[in-house]
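Asker: Below are the structure tokens for one structure; questions will follow.
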């Protein structure tokens, strides 16, 4: 086992390389750098230095370091800047599949969430929304449309429909905190949800909203949330930047 110190801007980062391990050296390095970014030990804007400097510090070959960095550049976590070196852009949020809000998940990951409320209004329920909320098609429902940001960059576009009269939603409050927090504060007990995760290409409008080119991959999520009485209290239809966001699954083998 070899340990070296790699400068990460204002702080030093301890990295270890196990040459006896069957795991490729580049993958060991990339996994440790990714963990340091996700845990906030390498903050956005931190500099790693160029590949030659990193290879010298870590006692690795330049192609090994280049491969490790390239894998994180491809994930959107690092960027190469001419005359500057390799710089941390942001961490990718890995969200567990549980009944939690994006706001809470971002805050827990140290991502400094912010919200822009695009619409807070009512509209007639489409067939899809009506079926999810258990109301008649054409019945008025609340629509909340928001842009969620992390570290000042767009992360997700959120559309949520709720039954009219469920709770009062103030746009200023929605910009300060998450929807689920407001629902719980209003005495609504969130109990379970039915959720579907997918993917598709960004439209030009979505790309402009999320800071991605048209055709870039987006993750999609549709969720119907129920309270402890079994009543549908929210239907969400969200899109996420695949370069910044991932869902994590835990799979169990049935006996």
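Numbering (the numbering used here), first residue to last: 1255 to 1509.
Beta carbons are placed, not taken as given, at the ideal position from N, Cα and C, and that holds for glycine.
In this text the structure is predicted, and so the values were computed from the model without any measurement.
(1) With DSSP as the reference, label residue 1257 as helix, strand or coil.
(2) Whole angstroms are fine: how far does the CA of residue 1287 sit from the CA of residue 1421?
(3) Contact between the region 1468–1479 and the region 1437–1449 is defined here as three or more beta-carbon pairs at a separation below 8 Å; is this criterion met?
(4) Mapping the DSSP letters down to three states, classify residue 1291 as helix, strand or coil.
(5) Under DSSP, the alpha helix (DSSP H) around residue 1336 begins and ends at which residues?
(6) What separation, rounded to the nearest whole angstrom, lies between the Cα atoms of residue 1272 and residue 1411?
(7) Would you tell me roughly how many angstroms separate the C-alpha atoms of residue 1445 and residue 1297, rounded to the nearest one?
(8) Measuring CB to CB, does residue 1467 end up less than 7 Å from residue 1496?
(9) Give the DSSP-derived three-state secondary structure of residue 1302 in the structure shown.
(10) Determine contact between the region 1324–1337 and the region 1384–1403, defined as no fewer than three beta-carbon pairs at a distance below 8 Å.
(11) Quick one: what's residue 1486 bridged to in DSSP?
(12) Could you have a look at residue 1276 and say whether DSSP puts it in helix, strand or coil?
(13) DSSP state of residue 1409, grouped into three classes?
(14) Starting from the C-beta of residue 1413, find all residues in its chain whose C-beta is less than 6 Å away, skip the five residues before and the five after it, and write them out in chain order.
(15) Let me make sure I understand the geometry here. Which of 1469, 1455, 1483 has the alpha-carbon closest to that of residue 1447?
(16) Where DSSP assigns a beta bridge to residue 1368, which residues make up the other side?
(17) Please tell me whether residue 1291 and residue 1342 are closer than 7 Å, where the distance is taken between their beta carbons.
(18) Could you tell me whether the region 1308–1324 touches the region 1270–1285, where touching means 3 or more Cβ pairs closer than 8 Å?
(19) Compare the beta carbon distance of residue 1428 and residue 1396 with 7 Å and say whether it is the shorter of the two.
(20) Just checking my contact of residue 1456 with residue 1464 at CB under 8 Å: how many whole Å lie between their CB atoms?
(21) What are the boundary residues of the alpha helix (DSSP H) that includes residue 1461?
(22) Measure the alpha-carbon distance for residue 1351 versus residue 1450 and round it to whole angstroms.
(23) Should residue 1493 go down as buried or exposed, given a rule of 16 or more other Cβ atoms within 10 Å for buried?
(24) Just tell me which of 1367, 1373, 1331 has its CA closest to the CA of residue 1431.
(25) Measure the CB-CB distance between residue 1425 and residue 1374 and report whether it falls below 7 Å.
(26) Is residue 1427 helix, strand or coil by DSSP?
Answerer: Reading it off the structure:
(1) As a working note, residue 1257 is residue 3 in the chain shown. At residue 1257 the pLDDT is 44, less than 50, meaning the model places this residue with poor confidence and gives no usable figure here.
(2) Sequence index remark: in the chain shown, residue 1421 carries index 167 (1-based). Sequence index remark: in the chain shown, residue 1287 carries index 33 (1-based). About 44 Å.
(3) yes
(4) As a first step, residue 1291 must be located in the chain shown, where it is residue number 37. Of the three classes helix, strand and coil, the one that applies to residue 1291 here is helix, per DSSP.
(5) Indexing the chain shown from 1 puts residue 1336 at position 82. Run containing residue 1336: none; DSSP gives neither H nor E here.
(6) As a working note, residue 1272 is residue 18 in the chain shown. As a working note, residue 1411 is residue 157 in the chain shown. Roughly 42 Å between the two C-alpha positions.
(7) Within the chain shown, residue 1445 is the residue found at index 191, counting from 1. Within the chain shown, residue 1297 is the residue found at index 43, counting from 1. When rounded, the distance between both Cα atoms is 35 Å.
(8) Taking the chain shown and counting its residues from 1, the one referred to as residue 1467 is at position 213. Taking the chain shown and counting its residues from 1, the one referred to as residue 1496 is at position 242. No. Outside cutoff.
(9) Walking along the chain shown from the start, residue 1302 turns up at place 48. DSSP places residue 1302 in strand when its eight states are reduced to three.
(10) As far as the Cβ criterion goes, the region 1324–1337 does not touch the region 1384–1403, which means the pair count is below three.
(11) In the chain shown, counting from the first residue as 1, residue 1486 sits at position 232. According to DSSP, which records beta bridges pairwise, residue 1486 is partnered with 1480.
(12) The residue you call residue 1276 lines up with position 22 of the chain shown. Three-state DSSP puts residue 1276 in coil, outside helix and strand.
(13) For the purposes of this step, residue 1409 is taken as residue 155 along the chain shown, with counting starting at 1. Strand at residue 1409.
(14) Reading the chain shown from its first residue, position 159 is the one you call residue 1413. Excluding positions up to five away in sequence, the list reads 1399, 1491.
(15) On the chain shown, residue 1447 is found 193 positions in, with the first residue counted as 1. Here the closest residue by C-alpha is 1483.
(16) For the purposes of this step, residue 1368 is taken as residue 114 along the chain shown, with counting starting at 1. DSSP output for residue 1368 lists 1403 as bridge partner(s).
(17) Position 37 of the chain shown, counted from the first residue, corresponds to residue 1291. Position 88 of the chain shown, counted from the first residue, corresponds to residue 1342. A contact, by the Cβ cut-off of 7 Å.
(18) yes
(19) Here residue 1428 is taken as the residue at index 174 of the chain shown, counted from 1. Here residue 1396 is taken as the residue at index 142 of the chain shown, counted from 1. No; because the gap between Cβ atoms is not below 7 Å, this pair is not in contact.
(20) Start at 1 with the first residue of the chain shown, and residue 1456 comes out as number 202. Start at 1 with the first residue of the chain shown, and residue 1464 comes out as number 210. Residue 1456 to residue 1464, Cβ: 7 Å. Contact.
(21) By one-based count along the chain shown, residue 1461 stands at place 207. Unbroken alpha helix (DSSP H) run through residue 1461: 1458–1464.
(22) In the chain shown, counting from the first residue as 1, residue 1351 sits at position 97. In the chain shown, counting from the first residue as 1, residue 1450 sits at position 196. Confidence at residue 1351 is low in this model, with a pLDDT of 49, below 50, so the placement of that residue should be treated as unreliable; the coordinate-derived value is given next. Going by the C-alpha atoms only, they are around 10 Å apart.
(23) For this step, residue 1493 is matched to residue 239 along the chain shown. Buried, by the Cβ-count rule.
(24) Residue 1431 sits at position 177 when you count from the first residue of the chain shown. Here the closest residue by C-alpha is 1367.
(25) The residue you call residue 1425 lines up with position 171 of the chain shown. The residue you call residue 1374 lines up with position 120 of the chain shown. Contact flag set, yes.
(26) Here residue 1427 refers to the residue found at position 173 when the chain shown is read from its first residue. If DSSP states are grouped into helix, strand and coil, residue 1427 belongs with the helices.
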